[in-house]
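Residue numbers (this note's numbering): 15 to 131.
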C-alpha cells in the first residue's frame, strides 16, 4: 500500500475520534448525567401507589422521570394520618400556596391579575 491509501483511511478515523472526544467532553462540562429508571418502581415497592395514582403504567412505559417526592408524601401521611392520595393532595395544595396560587381554583393570587371571561 502506498502513503496515499493510508492517508485516505486515517483521516476519517482521526475525524471520527475527534468528534467522539469533543462530544464526550461537552457532555461532561454540561453536567450531563443519564437519568436512570427505577424510582417509580421503588415508590411502588414502598406502597406509594393507588388506584387513583397507578405507577405501574409509568414503569411499564419505561418512564425515566425522577418519581414522587416520596419523603414528603410519607411525612404528610404520618403527620396527618391520611391515605396516600390525600397526602398527595395536601402536598400539591402546599406547593400551590407556596407559589402564590389558590389551591381551590388554580388561579394566581397576585392582586394585579387580570382575567377575561
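Glycine included, every Cβ here is placed at the ideal spot set by N, Cα and C.
Spatially closest choice to residue 55 from 117, 38, 77 and 34, by CA coordinates:
77
Nearest-angstrom Cα distance between residue 89 and residue 131?
40 Å
What do you get for residue 108, buried or exposed, if any count of 16 or more other CB atoms within 10 angstroms of its CB means buried?
exposed
Taking just the CA atoms, how far does residue 37 sit from residue 103?
Each residue's Cα considered, the two are about 43 Å apart.
Alpha carbon to alpha carbon, how far is residue 86 from residue 98? Give it in angstroms, no decimals.
11 Å
With a Cβ-Cβ cutoff of 8 Å, do residue 84 and residue 60 count as a contact?
yes
By the 10 Å Cβ neighbour count, where 16 or more other Cβ atoms means buried, how is residue 57 classified, buried or exposed?
buried
State yes or no: is the C-beta of residue 113 within less than 8 Å of the C-beta of residue 124?
no
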